[in-house]
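Undergrad:
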Amino acid sequence: PVGFWDPLGFSSDNDEATFRRRRSVELKHGRVCMAASIGYIVPFYYKFPGYLSPSEGVKFEDVPNGLAALGKVPALGWVQIIFFAGVIEGCFGFDDYKSGTPGDYGWKVITSDDPAEKEKKLA
341 PVGFWDPLGF SSDNDEATFR RRRSVELKHG RVCMAASIGY IVPFYYKFPG
391 YLSPSEGVKF EDVPNGLAAL GKVPALGWVQ IIFFAGVIEG CFGFDDYKSG
441 TPGDYGWKVI TSDDPAEKEK KLA
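The sequence shown begins at 341 in the working numbering and counts up one residue at a time.
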């Protein structure tokens with residue numbers, strides 16, 4: 341609906357607001373995936389000292405790498421993880437697509453102010 345490249349026509353039946361929301365959600369989920377990738381790779385090289393669960397006697401060094409770690413995290417740890425993810429998903433980032441540029445946090449560290457460059461990167 342906004343003239344950007346869409347070879348499969350996923351956005352052909354939607355309005356601009358829906359398209360902008362989908363773009364914002366795609367950026368948000370992409371960032372979550374990048375953080376998850378780092379969280380998967382880092383334990384191969386570094387483990388925090390101390391206890392993951394002092395009450396159950398589980399240290400960070402006791403947790404294996406990769407998918408085997410899923411079974412070692414205590415149940416209350418999973419509750420904390422899911423609660424934190426729900427808070428982040430429910431409280432942040434849903435209104436930025438309405439008025440602003442998706443992914444623009446308002447401080448220019450890596451991004452550019454040039455409108456032509458932003459348009460090119462979003463195309």
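Every residue, glycine too, gets a C-beta built ideally from N, C-alpha and C.
On the criterion of 16 or more Cβ atoms from any shown chain inside 10 Å, does L392 qualify as buried, or is it exposed?
TA: Counting from one through the sequence shown, the residue named residue 392 turns up at place 52. Result: buried.
Undergrad: Looking at K387 and E366, is the spacing between their C-beta atoms short of 8 Å?
TA: Numbered from 1 along the sequence shown, position 26 holds the residue referred to as residue 366. Numbered from 1 along the sequence shown, position 47 holds the residue referred to as residue 387. 8 Å or more divides the Cβ of E366 from the Cβ of K387.
Undergrad: Take R371 and list the residues in its own chain whose beta-carbon comes closer than 7 Å to its own, dropping the five residues that flank it on each side.
TA: Along the sequence shown, read from residue 1 onward, the residue named residue 371 stands at position 31. For R371, where only same-chain residues beyond five positions count, there are no Cβ hits under 7 Å.
Undergrad: What is the DSSP secondary structure of Y385, counted as helix, strand or coil?
TA: Your numbering for residue 385 matches position 45 in the sequence shown. In the displayed model, Y385 falls within coil according to three-state DSSP, outside both helix and strand.
Undergrad: What residues are listed by DSSP as bridge partners for V398?
TA: Position 58 of the sequence shown, counting from 1, holds the residue named residue 398. Bridge partners of V398: S393.
Undergrad: If you run the structure through DSSP and keep just helix, strand and coil, what is P455?
TA: Residue numbering aside, residue 455 sits at position 115 when the sequence shown is read from its first letter. It is helical.
Undergrad: Rounded to whole angstroms, what is the Cα-Cα separation between P404 and P383?
TA: Counted from its first residue, the sequence shown places residue 404 at position 64. Counted from its first residue, the sequence shown places residue 383 at position 43. Approximately 9 Å between the Cα atoms of the pair.
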